[in-house]
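**Student:** My questions all concern the structure below.
Residue numbers (my numbering), protein chains in the order written: chain A, 384 to 593; chain B, 384 to 593.
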């Protein structure tokens with residue numbers, strides 16, 4: 384309502400997004416990994432369960448206290464790789480291309496969960512090693528949407544949107560995949576290469592467009 | 384002329400850029416450093432001159448065989464930092480934000496050469512150390528243009544253009560600064576964060592727009 388009055392006083396029409404059901408949140412996903420309960424036990428010991436370090440914006444999702452060491456095929460290492468919980472039915476590591484180049488692995492761009500014919504790697508935890516045969520990807524940039532958000536923006540699951548990011552290193556990211564589910568809250572996930580390319584800060588203006 | 388005939392046969396108008404005086408080259412600048420002759424001597428020994436490893440696209444510019452170790456304020460290190468020649472009148476290091484975060488330095492976005500009040504660092508070479516008081520920056524994304532290119536695109540030095548990059552991670556980079564000089568060849572320089580955000584490959588379609 385305050386916003387409505389301010390725009391009225393300025394003699395300007397209310398921006399279209401002022402009527403959006405939810406505010407737009409844009410978060411940078413640093414490299415991380417999703418694990419099965421079996422992988423967690425192999426790496427951290429029998430019966431081990433992930434512990435919550437920080438709750439994430441999507442309901443029930445968390446960054447775990449547990450981290451791993453990733454060993455690449457050229458004996459290069461990424462330390463302190465964060466695990467996200469809860470456990471899933473497959474093991475998947477999401478890296479930025481800068482990480483993959485540092486590691487010496489050529490990784491494909493994939494929708495999360497679609498890991499057929501992707502490279503694997505070796506994981507090292509305090510209890511032991513775990514060999515991932517596949518699962519190292521760069522995740523497709525995407526936006527989580529509640530059906531109300533999808534209706535407001537006029538899109539459906541699988542559609543692509545654009546994210547216009549302002550500031551001194553302004554960028555527009557195309558091919559932002561819409562993922563719609565009643566359990567989702569409106570949130571864009573980009574990786575560290577994308578976040579650093581545009582120097583995304585908490586106050587950087589962002590606009591989601593069809 | 385071949386292009387002209389192909390488009391004619393297809394019954395399509397020739398794209399506007401087909402009439403451009405020069406092809407558009409987009410290159411990723413990995414982190415690198417520019418040094419004064421004094422810094423080169425301090426690091427590599429009295430009388431040492433940079434040697435050519437690879438000529439770059441801009442006339443007279445080269446990647447030197449010589450590399451350095453950069454030591455950041457938190458004892459973190461970047462090895463094999465490439466020196467670009469020839470020597471300049473000031474010392475400057477250009478990093479991507481991902482590099483700066485790894486190093487633990489907060490670096491500003493600057494036009495090359497504008498290094499007042501920027502952070503410094505310690506450089507280590509085979510002969511000795513060299514302390515840079517200032518000069519560590521992220522370089523503003525920019526396009527080198529010959530006056531003919533500027534005339535074709537209808538811009539002048541200091542103007543900002545946009546670079547539309549296609550492919551599976553398509554991105555449009557705004558605020559691409561025009562630098563116009565009769566010695567320049569048409570070439571866009573982006574950094575590794577920008578190049579990895581859009582996965583720039585030799586065959587990725589790129590278009591420069593006002």
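All residues carry an ideal CB built from backbone N, CA and C; glycine is no exception.
How many Å lie between residue 487 of chain B and residue 480 of chain B at the Cα?
**Tutor:** In a straight line, the C-alpha of residue 487 of chain B is about 10 Å away from that of residue 480 of chain B.
**Student:** I'd like to know if residue 577 of chain A contacts chain B, where contact means its C-beta is closer than 7 Å to some C-beta of that chain.
**Tutor:** yes
**Student:** Within a Cβ cutoff of 6 Å, which residues of the same chain sit near residue 416 of chain B, ignoring the five residues on either side of it in sequence?
**Tutor:** 464, 466 and 476
**Student:** How many angstroms separate the CA atom of residue 433 of chain A from the CA atom of residue 424 of chain A?
**Tutor:** 10 Å
**Student:** According to the Cβ coordinates, are residue 560 of chain B and residue 525 of chain B closer than 7 Å?
**Tutor:** Yes. Within cutoff.
**Student:** Apart from the five residues on each side of it in sequence, which residues of its chain come closer than 7 Å, Cβ to Cβ, to residue 625 of chain A?
**Tutor:** Summary: the structure shown does not reach residue 625 of chain A, with chain A confined to residues 384 through 593, and so no result is reported for it.
**Student:** Buried or exposed: which applies to residue 414 of chain A, given that a residue is buried once 16 or more other Cβ atoms fall within 10 Å of its Cβ?
**Tutor:** Residue 414 of chain A comes out buried.
**Student:** Could you tell me the distance, in whole angstroms, from the CA atom of residue 590 of chain A to the CA atom of residue 527 of chain A?
**Tutor:** 15 Å
**Student:** Listed in chain order, which residues of the stretch 542-554 of chain A have Cβ atoms closer than 7 Å to some Cβ of chain B?
**Tutor:** Answer set for the stretch 542-554 of chain A: 551, 552, 553 and 554.
**Student:** Report the rounded CA-to-CA distance for residue 566 of chain B versus residue 494 of chain B, giving the unit in angstroms.
**Tutor:** Approximately 19 Å between the Cα atoms of the pair.
**Student:** Counting only Cβ-Cβ distances shorter than 9 Å, please list the residues of the stretch 447-481 of chain B near chain A, keeping chain order.
**Tutor:** 479, 480 and 481
**Student:** Give me the chain B residues within the contact set of residue 494 of chain A, using Cβ-Cβ distance strictly less than 8 Å, ordered along the chain.
**Tutor:** Result: empty, since nearest Cβ-Cβ is about 12 Å, beyond 8 Å.
**Student:** With DSSP collapsed to three states, give me the class of residue 532 of chain A.
**Tutor:** helix
**Student:** Can you check the stretch 453-512 of chain B for any beta strand (DSSP E) of at least 3 residues that lies completely inside it and give the ranges in chain order?
**Tutor:** If we require 3 residues or more, the beta strand (DSSP E) runs fully inside the stretch 453-512 of chain B come out as 460-468, 475-477 and 504-507.
**Student:** In chain A, which residues lie less than 7 Å from residue 556 of chain B when you measure between Cβ atoms?
**Tutor:** 554
**Student:** Who does residue 574 of chain A pair with in a DSSP beta bridge?
**Tutor:** A:412
**Student:** So who's on the other strand from residue 431 of chain A, going by DSSP bridges?
**Tutor:** None; residue 431 of chain A has no bridge partner.
**Student:** Check the DSSP bridge columns for residue 589 of chain B and list the partner residues they point to.
**Tutor:** Residue 589 of chain B is bridged to B:548.
**Student:** Can you tell me where the beta strand (DSSP E) with residue 542 of chain A in it begins and where it stops?
**Tutor:** From DSSP, residue 542 of chain A is part of no beta strand (DSSP E); its letter is neither H nor E.
**Student:** Under 6 Å Cβ to Cβ from residue 428 of chain A, same chain only, skipping five residues before and after it: list those, please.
**Tutor:** 510
**Student:** Do you know how far the Cα of residue 548 of chain B is from the Cα of residue 514 of chain B?
**Tutor:** 38 Å
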